Structures are given as structure tokens and as C-alpha cells.
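Enquirer:
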Amino acid sequence: MDWITTVDHKKIAILYLWAGGLFFGIGGIEALLIRWQLIKPMNDFVDAQTFNELITMHGTTMIFLGVMPIIFALMNAVIPLQIGARDVAFPFLNALGFWTFLFGGLLLNLSWMMGGAPDAGWTSYTPLSGTAYSGTHGVDFYTIGLQIAGLGTLIGGINFLATIITMRAPGMSFMRMPMFAWTTFITSAIILFAFPAITVGLVLLTFDRILGANFFVPGGGGSPVLWQHIFWIFGHPEVYILILPAFGIISEVIPTFARKRLFGYSSMVFATILIAFLGFMVWAHHMFTTGLSPVANALFAVSTMLIAVPTGIKIFNWLFTLWGGSVRFATPNLFASGFIPTFTMGGVTGVMLASAPADFQFHDTYFVVAHFHYVIVGGLVMGLFAGLHYWWPKMFGRMLSETLGKWTFWTFIIGFHLTFFVQHFLGLMGMQRRVFTYLPNQHFDTLNLVSTIGAGLMGAGMLVFLANVWITSRKPPDAGGDPWEDGRTLEWSIPSPSPEYNFKQTPLVRGLDAFWKEKTAGNKGMTPAEPIGSIHMPSATPLPFVMAVGIFIAGLGFMFSRDDFSSALVSFLFNNYVVTGLGLLITFGAMLVRSLYDDHGWHIEPEELEGR
Amino acid sequence: MTTTHAEPVHGGLAHEPEKATAEGRNKVLAFWLFLGGEAVLFGTLFATFLALRNQTNEGPAANDLFHLPLVAAATFLLLVSSLTSVFAIQAMHRNRPKLLRNWLLVTVMLGLGFLGLEIYEFSQYVRHEEFGMTTSAFSSAFYTLVGFHGAHVAFGILWISLLIGQLGYKGLTVVTAPKLYISAMYWHFIDVVWVFIFTVVYLLGKVG
Numbered sequence: 001m002d003w004i005t006t007v008d009h010k011k012i013a014i015l016y017l018w019a020g021g022l023f024f025g026i027g028g029i030e031a032l033l034i035r036w037q038l039i040k041p042m043n044d045f046v047d048a049q050t051f052n053e054l055i056t057m058h059g060t061t062m063i064f065l066g067v068m069p070i071i072f073a074l075m076n077a078v079i080p081l082q083i084g085a086r087d088v089a090f091p092f093l094n095a096l097g098f099w100t101f102l103f104g105g106l107l108l109n110l111s112w113m114m115g116g117a118p119d120a121g122w123t124s125y126t127p128l129s130g131t132a133y134s135g136t137h138g139v140d141f142y143t144i145g146l147q148i149a150g151l152g153t154l155i156g157g158i159n160f161l162a163t164i165i166t167m168r169a170p171g172m173s174f175m176r177m178p179m180f181a182w183t184t185f186i187t188s189a190i191i192l193f194a195f196p197a198i199t200v201g202l203v204l205l206t207f208d209r210i211l212g213a214n215f216f217v218p219g220g221g222g223s224p225v226l227w228q229h230i231f232w233i234f235g236h237p238e239v240y241i242l243i244l245p246a247f248g249i250i251s252e253v254i255p256t257f258a259r260k261r262l263f264g265y266s267s268m269v270f271a272t273i274l275i276a277f278l279g280f281m282v283w284a285h286h287m288f289t290t291g292l293s294p295v296a297n298a299l300f301a302v303s304t305m306l307i308a309v310p311t312g313i314k315i316f317n318w319l320f321t322l323w324g325g326s327v328r329f330a331t332p333n334l335f336a337s338g339f340i341p342t343f344t345m346g347g348v349t350g351v352m353l354a355s356a357p358a359d360f361q362f363h364d365t366y367f368v369v370a371h372f373h374y375v376i377v378g379g380l381v382m383g384l385f386a387g388l389h390y391w392w393p394k395m396f397g398r399m400l401s402e403t404l405g406k407w408t409f410w411t412f413i414i415g416f417h418l419t420f421f422v423q424h425f426l427g428l429m430g431m432q433r434r435v436f437t438y439l440p441n442q443h444f445d446t447l448n449l450v451s452t453i454g455a456g457l458m459g460a461g462m463l464v465f466l467a468n469v470w471i472t473s474r475k476p477p478d479a480g481g482d483p484w485e486d487g488r489t490l491e492w493s494i495p496s497p498s499p500e501y502n503f504k505q506t507p508l509v510r511g512l513d514a515f516w517k518e519k520t521a522g523n524k525g526m527t528p529a530e531p532i533g534s535i536h537m538p539s540a541t542p543l544p545f546v547m548a549v550g551i552f553i554a555g556l557g558f559m560f561s562r563d564d565f566s567s568a569l570v571s572f573l574f575n576n577y578v579v580t581g582l583g584l585l586i587t588f589g590a591m592l593v594r595s596l597y598d599d600h601g602w603h604i605e606p607e608e609l610e611g612r
Numbered sequence: 001m002t003t004t005h006a007e008p009v010h011g012g013l014a015h016e017p018e019k020a021t022a023e024g025r026n027k028v029l030a031f032w033l034f035l036g037g038e039a040v041l042f043g044t045l046f047a048t049f050l051a052l053r054n055q056t057n058e059g060p061a062a063n064d065l066f067h068l069p070l071v072a073a074a075t076f077l078l079l080v081s082s083l084t085s086v087f088a089i090q091a092m093h094r095n096r097p098k099l100l101r102n103w104l105l106v107t108v109m110l111g112l113g114f115l116g117l118e119i120y121e122f123s124q125y126v127r128h129e130e131f132g133m134t135t136s137a138f139s140s141a142f143y144t145l146v147g148f149h150g151a152h153v154a155f156g157i158l159w160i161s162l163l164i165g166q167l168g169y170k171g172l173t174v175v176t177a178p179k180l181y182i183s184a185m186y187w188h189f190i191d192v193v194w195v196f197i198f199t200v201v202y203l204l205g206k207v208g
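Protein sequence lines, in the order shown, are assigned to chains A and B. Per full-length UniProt numbering, the very first residue in the first sequence carries number 1; after that it's consecutive. Per full-length UniProt numbering, the very first residue in the second sequence carries number 1; after that it's consecutive.
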């Protein structure tokens, strides 16, 4: 019950972690099933339809319900601590964002049990995703589930923007902010400007499918390419929503374990901003083969290649930070160091794909699959592993086992390269993505076998990590406030796990790497910026949960509004939007309750802070 | 910055009560950000409309449909409602809750008038011109863009009406003031979007 009503950012972080982890597991199992199907030519482990559903759900689940919530988990756990704040700007909205994400994700995954999952690919290209080619409710689950989950992401993004703009501790100017806070800030800005585009895209597709509109139906005058524009003007920035937080994590982990300040801090900040800006300019490089025009293709090719410049700056800054440092390869730093070459390889194939003429060859082959898995798994997932091992003691008060952590790293990274490195060559040899099997004797057989073995190894790495988590959770808490001993930023200046009010006294920030600065000056902790006083806390409330349930019901109701049911009563309820209305009523009712009763929260008094 | 209090400052009300508390300032800032997102939302809808506005699928085209005097009347109502919401916020800054309520009531009435005209317009198209959601890509884009705006107006009317009720129930405080202020921001935003709709959909539809 505690967990349903909580508005504490640290608890919401843990909720995001478990929910994201659950979906990540589902997406992972889907990946293993895909790899099992492709282990040998002409395999009949799954049929073509199931394969389509698997690849669609694997991509959708991993991106929207797996890695993004885990990113949000780390942001929620760390950002208020890093900027010296007691909480986020809007604790209530924070909880609402989590619950809408969870119920959107549940709705999407209900499709497996309710007549078929979405089957049009994670990009849902029209007209393939229209009713003409996708007659089940699969794509409806996609449009409405993602719509609800996306609402949660947007809420989270606005919350982090407001939090970082207004709630930094005294002395923490923007240019003294830790890199993870910076990348969270920029990521949130991208979310704010990219997500409304997919919101519209999903609405239009829903209208096409449920209300019979003609946006993407050529027979009615609509344009399938329009969907691609809308999808990718969101979808390309989405790539940076995923990777920038990983950049931030790496920029925290490497200086800590190299015991040196981050090389080129201000160039890191500006590179991040530049990447975000360019990320919005390059969406059409996903569409080179739709026949835009040579001029358009050339412009988008060049602007895409430009992104390599700020990204290269970042790579070199990390290397220069390690250079000459007294480097310690604890598990987080292993992942961070493994991230650098792996992500760089993904970047290099990105530049190859950015060349429009070459893309005509690479398009829709396993070369593309290899490229984006190098970026998203070799980049982001490695970054998340680094971040989880790094901040685990701060989140749970316990150190993860170093031995098992190293086992996780080596099985995962070897499995990863085994899986995806060979896929470059499969792609160059012409193996198509999204096709459920292949013919024998096309030189695909051995490499696919290798790839599947690698996937199994990655799965084993995940199991080691889960074992580590389980074993750790059974031990007594052992983490001190600064368990890595070389913590540089504010979160390490308070106990682990941090008390619910975070900082007894708001700290005074006197430079970049605020805690490190105090430590090198010989101080035990941060200098407080205020006397000990009573701390205002927001009250726990079930309303965000209720609102999300209402939206969930409304979504289901709308989805089945055009169906025929055997029972007249059920037909009446759905076909007349009674169910939809009921769901909306629950949500709006909860909003009304929220506005009628002012909740002033409660206070923690100084005596309590001093311990009894 | 750490504590927030619901009581009015020093007995009276601060000059800008919406910015008197950290929570209020956060709300106003976050609402600006939210409107940034809304701008992208409408931008995407406008782009869709512009891409599809000549795809009439042998159904009615913009030139056959639009009746500018009706749209001009609706525009007039909405523009004036923006002005009256400015008066409302000015009354709030002068700490005159009754005047504030009355200007908000006028704003809501004008909004209802606009919405009524829009519903009338849509029903005319559907009944007499056989121009529905499914007719053509143009019709889908038209109803979605203009309808989204209409839904925003309807939501704004509901929201401001509830705030009027809350104002009577709780009075003008540093808790209610930020809500009133951001609802006015929202209302202006809707108004600005309509100016673009009037130009891009209706005027361009008639002459373009």
C-alpha cells in the first residue's frame, strides 16, 4: 500500500526500476525467442505471424517499457540528490507519471492474451499497420498503450526540467552541475519537444483504425510517407533521449574511478546541447529509400554525419579523463570502460549508414540491426549497468557483489559482441531483417548460430546480475554514505540509502564536483547553507494510481468501441463509449478530488532530524 | 525555497500572488514548458493538415465548404475572450476576487459561444455537405486539427468553470492564484492557435 501511495522520488525510482526490469525481462525473452527461431535455416519454431509479433513487441517493449523506465529510475534516484534538492518540483506528478507508464505498458502487453500482439514492426509503418493489413487489435494495443505510457514520460520530462531549473542548491550554477544532471536536463527537453509529435502520430493512426479516417490510407487521399515523417521526427530524437543519459552516467562513473575531474567539462556540456539540437534535424535519414529527392537525402546525410563531431568530443574527453588517472576497475568502471569502444563502433556504423547511397545497400538488412544494437545495447544498456552498479548502494544501502558484478560484465560483453558483431556481415551479405527465416547455403547458417549462442550468453549475464541482486538483498545493509570512497558529487555526502528528506540542511555548493572539493579542502561533509529547521514534506496519496487506472479503462473501452460482442449488454457498454466514459470519469473525478482538498503536506521537525 | 505556506503573505495578498510561493513559481514555469510541448503537438497537426489539405478524394474541398462570416464571428468571440481573461488577471493582481470572478464568467460565456458556433459549423458540414471524418484525407485532417482545438476550448471552459467554483469556495489565496494564472496562460495559448487555424485552414482554404 505504501508503494501505491508514495510520492517520494526515491521510492518512485525503485518502482520504475522493478517495473522497467519486468518489461526488460519480457523484451529479453522475446529476443531470445527471435534468436532461437533464427538459429538454423528454415526453422519452424514459430510461424511468420508470431515472429512478426515477437519482433514488434521486442522493439517496442525494450525501448518504451524497458530501458526508458530504467533511465527514469536512475534519474529519480539521483537527480534531486545531485542538485542538492529535498525532492522533485512536483512529487504528485512524479507518481502520476510512473503509474501512467505502468498501465500503458500493461495495456500493451495484454495484447498477448487478448487476440494477438501488434505485428507491424516497432515503427508501425503504414499502410502495414492499417486495418487492411493488420486486422487484429494488435496495433490498437500499440497505439493506445504507447499513448498512455507516453503521457507518463512527458509528465516526467516536464517535472525534471522544472526541478533542475528551480531547485538547485545555493551555489550550484548550471556550469557547476554534474554531467548526469546536465544530460537529464537536456534529455527532458528532448522529451518535451519530441513526444508530442508521436502523440499526434498515434492519435492519427488510432483515428484511421477506429474511426475510419484517411490520414495514411492512399485510397482516401492519405499518405503513408506522412506517418514516417511524424514517426521519425519523434523517433530520431528518441535515440538521444536514450543515449544522452548513458553519456551522463559514464561521465559520472569515469571521473570517480579515475580519481580525476572530468576532462573538458564545458565542452561536454556544449556537446550534449549540440547533439540534442542536431538530433531534431536529421529524422529523414531513416527515410532515404522512400524517394524524397537527392537534394533532401544529401542534406540529411550531411547533417547526420555532423553529429559524429560532438559525439567524438565526448569519446575523447572520457579517454583523456582516464589518461593518467589512478584508475580503479570496480564493476561500474568496467562497464563504463567497456562502453567506450563498444559505443564507438556503433557510432562508426552510424556514419556509414548516414551516407545515403550506401544506405540503399544497407537498408532493412541485419547491418542496420547490428548498428542500432551496438548503440542501444552496447551503449545504453552498458551505461545502465554502470549506473545501476554505481548507484545501487545509494538506492538500497547495500553494495552489489564485486565478484558477481565482474562475471556479469564479462559474460554480457562477450555475449553482446558475439551476438551483434557477426550481424554486420550477415547484413552486408544481404540477410534481411524482419523476415522469419532464411534459406540454407547462403552463408547465413554459421553466423546465425554464433549470433544465437551470443544471445544465450547475454541472457546468462543478465541471470548473474539478477542473482547478484537477490543475494545482495538478503545481506544486511553495508554501504556507507560514500561507499566508493571517491564520490565527487552531492549524493555521496549523505547516508545510504538517503533519508526521505534527502538533506538535513541544504548544502552550499562551492564548485564543480562539490563534495570532492570539500573533501580535498579537508572538510568531513558539505557546508550547510541554512540552519536546521522544520522540513516540509508532501503527503502520500492514492490519486495518481486511481487516475492511471481510469485512463487504462478509458483506453480499453475506446479500443473495443467498434467490436461486436455476443452479449448485448457488453456491446451496449462498449459501442456507446460507456466504458470509455466511465474511465474518463474516474480520472477526472480524481482530479476534482485533488483540487477540492488542499493538501498542505506535513513537516519533519528539527528534534526528529537530530535523532529522537 | 524549501517551505510553502498556504496563508496569504502578511495578512494581505502579494502583488503577484501566483508567484508568491515556490510552488506557484514552479507551476507557472512548468506550464510554460507544457505549452512548449503543446506547440509541437499543434505544429504536427498543422503539418499534417498542410500535407493533406488538397487530398479531397472527390469529396467537398475547402472552397465549397467554408463560410467566412461564421468563422469570423467565432474568431471575434475567441479573441475578445482572451482580452477578458487579461482583465481577470489584472483584477487578480489588484486583489479584487469578485471582479476577477465576473471577468472569468464573461470569458467562459464567450468560449461557450465560440464552441457553439463550431459545433453548428461541423453539423452543417456533416448534414448538408456529406463531409465527415471518413470522407477524405482532407476531411480527416480538418476535423482532427480544428476538433483538437475545439476540445482544448471545451477543456478550458470546464477548467476555468471549476476554478470559478473553487474561487468562491476557497477565496483568492496563494494556492488558488497560480491555478487561475496558468488557466489564463492556457486560454491565451488556445487563442494563438486559433489565429493560425483561421489563417492556415480557413483563409488559405478560401484563396489558396
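Even for Gly, the Cβ is constructed at its ideal location relative to N, Cα and C. Please read all numbers here as calculations on a predicted model, not as lab measurements.
Let's see if you can read the secondary structure: which residues bound the alpha helix (DSSP H) around TRP18 of chain A?
Expert: Within the first sequence, the letter at position 18 stands for residue 18 of chain A. Where TRP18 of chain A is concerned, the enclosing alpha helix (DSSP H) stretches over 9 to 37.
Enquirer: Is the shortest distance between the beta-carbon of VAL200 of chain A and the beta-carbons of chain B less than 7 Å?
Expert: Translated into positions along the first sequence, residue 200 of chain A becomes position 200. It does; some Cβ of chain B falls within 7 Å.
Enquirer: Hey, is ASN76 of chain A's beta-carbon within less than 7 Å of any beta-carbon in chain B?
Expert: Within the first sequence, numbered from 1, the residue matching residue 76 of chain A stands at position 76. Taking Cβ atoms only, chain B never reaches closer than 7 Å to ASN76 of chain A, which makes this a no.
Enquirer: Using the Cα positions of GLY325 of chain A and ILE254 of chain A, report the straight-line distance between them to the nearest angstrom.
Expert: Within the first sequence, the letter at position 325 stands for residue 325 of chain A. Within the first sequence, the letter at position 254 stands for residue 254 of chain A. Going by the C-alpha atoms only, they are around 10 Å apart.
Enquirer: Which chain B residues are close to PHE372 of chain A, counting only those with a beta carbon under 9 Å from its beta carbon?
Expert: As a first step, residue 372 of chain A must be located in the first sequence, where it is residue number 372. The contacting residues do not exist; PHE372 of chain A stays about 24 Å from chain B at best.
Enquirer: If we define contact as Cβ-Cβ less than 7 Å, is ILE164 of chain A a contact residue for chain B?
Expert: Counting from 1 along the first sequence, the entry for residue 164 of chain A is found at position 164. By this cut-off, ILE164 of chain A is not an interface position.
Enquirer: When you compare the CB of VAL175 of chain B with every CB in chain A, is at least one pair closer than 7 Å?
Expert: The residue labelled residue 175 of chain B in the question sits at position 175 within the second sequence. Yes - at least one Cβ of chain A is within 7 Å of the one on VAL175 of chain B.
Enquirer: Would a check of beta-carbon distances place TYR597 of chain A closer than 7 Å to chain B?
Expert: Start at 1 with the first residue of the first sequence, and residue 597 of chain A comes out as number 597. Not an interface residue.
Enquirer: Could you work out which residue in B:LEU203, B:VAL207 and B:GLY208 is closest to VAL71 of chain B when comparing CA atoms only?
Expert: Here residue 71 of chain B is taken as the residue at index 71 of the second sequence, counted from 1. Out of B:LEU203, B:VAL207 and B:GLY208, B:LEU203 has the C-alpha closest to the C-alpha of VAL71 of chain B.
Enquirer: Work out the CA separation of ILE182 of chain B and MET109 of chain B for me, nearest whole Å.
Expert: Numbered from 1 along the second sequence, position 109 holds the residue referred to as residue 109 of chain B. Numbered from 1 along the second sequence, position 182 holds the residue referred to as residue 182 of chain B. Approximately 19 Å between the Cα atoms of the pair.
Enquirer: Assuming contact is defined by CB atoms lying nearer than 7 Å, are ASN159 of chain A and VAL88 of chain A in contact in what I supplied?
Expert: The residue labelled residue 159 of chain A in the question sits at position 159 within the first sequence. The residue labelled residue 88 of chain A in the question sits at position 88 within the first sequence. Yes. Within cutoff.
Enquirer: PHE34 of chain B touches chain A at which residues, Cβ-Cβ below 7 Å?
Expert: Reading the second sequence from its first residue, position 34 is the one you call residue 34 of chain B. Within 7 Å Cβ-Cβ: ILE158.
Enquirer: Just confirm the distance between the C-beta atoms of ALA370 of chain A and GLY427 of chain A, as a whole number of angstroms; I'd bet it's less than 8 Å.
Expert: Position 370 of the first sequence, counted from the first residue, corresponds to residue 370 of chain A. Position 427 of the first sequence, counted from the first residue, corresponds to residue 427 of chain A. About 6 Å separates the two Cβ atoms, so the contact holds.
Enquirer: Compute the Euclidean distance between the alpha carbons of ASN76 of chain A and ILE190 of chain A, then round it to the nearest angstrom.
Expert: Your numbering for residue 76 of chain A matches position 76 in the first sequence. Your numbering for residue 190 of chain A matches position 190 in the first sequence. Looking at the two C-alpha atoms, the distance is approximately 17 Å.
Enquirer: Using 7 Å as the limit for Cβ to Cβ distance, is LEU204 of chain B near chain A?
Expert: Looking up residue 204 of chain B in the second sequence gives position 204. Output row for LEU204 of chain B: interface = no.
Enquirer: Using a cut-off of 9 Å between C-beta atoms, extract the partners of ALA20 of chain B located in chain D.
Expert: Any reference to chain D falls outside this structure, whose protein chains are A and B.
Enquirer: Entirely within the region 387 to 447 of chain A and at least 4 residues each: give me those alpha helix (DSSP H) ranges in chain order.
Expert: Listed in chain order, they are 402 to 428.
Enquirer: Using a Cβ-Cβ cut-off of less than 9 Å, give me the residues of the region 88 to 113 of chain B that come near chain A, in sequence order.
Expert: Going along the region 88 to 113 of chain B in chain order, one finds no residue with a Cβ nearer than 9 Å to chain A.
Enquirer: Could you check what DSSP says for MET268 of chain A in three-state terms: helix, strand or coil?
Expert: Counting from one through the first sequence, the residue named residue 268 of chain A turns up at place 268. In this structure, MET268 of chain A counts as helix in the three-state DSSP scheme.
Enquirer: Between A:PRO507, A:HIS285, A:MET305 and A:ILE307, which lies nearest to ASN297 of chain A when the distance is taken from Cα to Cα?
Expert: On the first sequence, residue 297 of chain A is found 297 positions in, with the first residue counted as 1. Comparing Cα-Cα distances from ASN297 of chain A to each of A:PRO507, A:HIS285, A:MET305 and A:ILE307, the minimum goes to A:HIS285.
Enquirer: Where does MET537 of chain A fall in DSSP's three states?
Expert: Indexing the first sequence from 1 puts residue 537 of chain A at position 537. Correct three-state label for MET537 of chain A: strand.
Enquirer: If contact means a Cβ-Cβ distance below 7 Å, which residues of the region 200 to 227 of chain A contact chain B?
Expert: Hits within the stretch, in order: VAL200, LEU204, PHE207, LEU211, GLY212, ALA213, ASN214, PHE215, GLY220, GLY221, GLY222, SER223 and LEU226.
Enquirer: Using a Cβ cut-off of 9 Å, pull out every chain B residue sitting near ILE230 of chain A, in sequence order please.
Expert: In the first sequence, residue 230 of chain A corresponds to position 230, counting from 1. In chain order: THR44, ALA47 and THR48.
Enquirer: Return the residues of the region 89 to 105 of chain A that lie within a Cβ-Cβ distance of less than 8 Å from chain B, sorted by chain order.
Expert: Within the region 89 to 105 of chain A, the qualifying residues are ALA89 and PHE90.
Enquirer: If contact means a Cβ-Cβ distance below 7 Å, which residues of the region 387 to 403 of chain A contact chain B?
Expert: Correct list: empty, as no residue qualifies.
Enquirer: Rounded to the nearest angstrom, what separates PHE138 of chain B and ILE551 of chain A at their Cα positions?
Expert: Position 138 of the second sequence, counted from the first residue, corresponds to residue 138 of chain B. Position 551 of the first sequence, counted from the first residue, corresponds to residue 551 of chain A. Taking the straight line joining both Cα atoms gives about 30 Å.
Enquirer: Taking ILE604 of chain A as part of the beta strand (DSSP E), name the residues at either end of that continuous run.
Expert: Taking the first residue of the first sequence as 1, we reach residue 604 of chain A at position 604. Segment 602 to 604, the beta strand (DSSP E) holding ILE604 of chain A.
Enquirer: Assign PRO255 of chain A to one of three DSSP states: helix, strand, or coil.
Expert: Residue mapping note: residue 255 of chain A aligns to position 255 of the first sequence, counting from 1. Three-state result, PRO255 of chain A: helix.
Enquirer: How should GLU485 of chain A be labelled, buried or exposed, when 16 other C-beta atoms within 10 angstroms of its C-beta is the threshold for buried?
Expert: Along the first sequence, read from residue 1 onward, the residue named residue 485 of chain A stands at position 485. GLU485 of chain A should be labelled exposed.
Enquirer: So what's THR365 of chain A in DSSP terms, helix, strand or just coil?
Expert: By one-based count along the first sequence, residue 365 of chain A stands at place 365. Strand at THR365 of chain A.
Enquirer: For THR4 of chain B, I'd like the list of residues in its chain whose CB is within less than 7 Å of its CB, leaving aside the five on either flank, ordered along the chain.
Expert: Along the second sequence, read from residue 1 onward, the residue named residue 4 of chain B stands at position 4. Confidence at THR4 of chain B is low in this model, with a pLDDT of 45, below 50, so the placement of that residue should be treated as unreliable; the coordinate-derived value is given next. Taken in chain order, the residues that qualify are THR21, ALA22 and GLU23.
Enquirer: Whole-angstrom Cβ separation of LEU418 of chain A and ILE532 of chain A, contact assumed at under 8 Å?
Expert: For the purposes of this step, residue 418 of chain A is taken as the residue at position 418 of the first sequence. For the purposes of this step, residue 532 of chain A is taken as the residue at position 532 of the first sequence. Their Cβ separation, rounded to whole angstroms, is 56 Å, which puts LEU418 of chain A and ILE532 of chain A out of contact at 8 Å.
Enquirer: I'd like to know whether the C-beta of MET133 of chain B is nearer than 7 Å to at least one C-beta of chain A.
Expert: Walking along the second sequence from the start, residue 133 of chain B turns up at place 133. So yes, MET133 of chain B belongs to the interface.
Enquirer: Helix, strand or coil for PRO118 of chain A, going by three-state DSSP, please let me know.
Expert: Mapped onto the first sequence, residue 118 of chain A falls at position 118. Coil, per DSSP.
Enquirer: Along chain B, in chain order, which residues have C-beta atoms closer than 8 Å to that of PHE193 of chain A?
Expert: Counting from 1 along the first sequence, the entry for residue 193 of chain A is found at position 193. Under the 8 Å cutoff, chain B gives GLY36, GLY37 and VAL40.
Enquirer: Starting from THR130 of chain A and walking both ways along the alpha helix (DSSP H), at which residues does that stretch end?
Expert: Here residue 130 of chain A corresponds to residue number 130 of the first sequence, with the count starting at 1. The amino acid occupying residue 130 of chain A in the given sequence is Gly; Thr does not appear at that position. It is not in any alpha helix (DSSP H) - GLY130 of chain A carries neither H nor E in the DSSP assignment.
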